[in-house]
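I have placed the structure first, in the form of structure tokens, so that the comments after it can refer back to it.
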Ligand code: NAD
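Numbering (the working numbering), first residue to last: 10 to 370.
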């Protein structure tokens, strides 16, 4: 089959890591007879340099007309770059917000997976890690506290700040459906995280999630309060399959979950809209400190491309093969600088891409 992918290399290490992800997709295409067509889109600092804005309408249109988007990272050295002497809506990261909004990406998916080979980088004790963990955090991305009405004003002579947490049942239903769909491709367990002992929005969340669960009899649903979830992530991370949660809780819990994997260069992510359309990108930034040196770890971007195969194109077998190739290369002892330690074989960005591609057969 043919797939049209809008590719946004972005800034810093973006072009280097995107080059390796394309190498992997091309190998998958050759082995499994798919054709991936790429259209390059400028976003971030490079778009500012070329067009004066971080994202043009044409670039957004190209992304909208594709089957999915593969993004490297945008942004420069925040303390020392011409891109930051301008209004916030003209900075590189504004392109990111604009494209997320323009594509209506309301569901953020972040896997947290512990590779046995990298277990030493995990800050948790060995007895807690056990057989490792493999979870996905499904975070609502366009509602809740970050998007509600807010103001700061003096009330009876006292400065008072107000933020509003709003969710309607449709917003909850559509993210819950995504979480259950993804659980069906995994271990079929959803833990919905809320604060239903205090918040009305959480009580509605719980009710709607339970309604959605009726359509997925094979999936086990449990509820967990957010404070307990924060504890359980570091006490027993192996218990989680899919965590479903609202925007702010997801913001915090997904960072906590990434931290316990121990390596930022390995973490993929996706943001999806109501259809199968998604934007796939590593969780890390553009790493300007190591850009252009061919030393960045391309694995997070390669695993993001694997997520694209699974969630946007339903190519589960191909996604499995890419993930297995990554695991195999790690097992054989190859490491980029960020995950290197004595006794292993240090490789460059392009060598890591080649090694993974060679194992896709
Ligand atoms: P960062 O993730 O770019 O880098 C943090 C540290 O991790 C750096 O030391 C970097 O060298 C290292 N690192 C990150 N990715 C790596 C990889 N693949 N391989 C090896 N090492 C890696 O975060 P930062 O330094 O806070 O931000 C740099 C720029 O990226 C800023 O302009 C920021 O706004 C932007 N940013 C963009 C995105 C995005 O495009 N989605 C996300 C976060 C930050």
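For every residue, glycine included, the Cβ atom is placed at its ideal position computed from N, Cα and C.
- Classified as exposed, residue 161 has fewer than 16 neighbouring CB atoms from the shown chains inside 10 Å of its CB.
- About 7 Å separates the CB atoms of residue 48 and residue 13; that is less than 8 Å, so the two are in contact.
- Under DSSP, residue 45 forms a beta bridge with 12.
- Distances from the CA of residue 307 to each of 257, 293, 317, 101 were compared; the closest alpha carbon is that of 293.
- Look at residue 370 here: in three-state DSSP terms it is coil, with no helix or strand label.
- The beta carbon of residue 24 is closer than 6 Å to those of 18 in its chain, skipping five residues each way along the sequence.
- Of the candidates 10, 27, 71, 27 places its Cα closest to the Cα of residue 289.
- According to the DSSP assignment, residue 300 belongs to no beta strand (DSSP E), since it is labelled neither H nor E.
- Not one heavy atom of the ligand NAD falls within 6 Å of the beta-carbon of residue 74.
- For the 7 Å CB-CB criterion, residue 141 and residue 123 form a contact.
- With respect to residue 265, residue 153 sits apart: the two C-beta atoms are not nearer than 7 Å.
- Rounded to whole angstroms, residue 185 and residue 328 show a C-alpha spacing of 23 Å.
- The alpha-carbon separation between residue 190 and residue 319 amounts to approximately 12 Å.
- At least one heavy atom of the ligand NAD falls within 6 Å of the beta-carbon of residue 293.
- With a cut-off of 6 Å, the C-beta of residue 303 is classified as distant from the ligand NAD, since no heavy atom of the ligand falls inside that distance.
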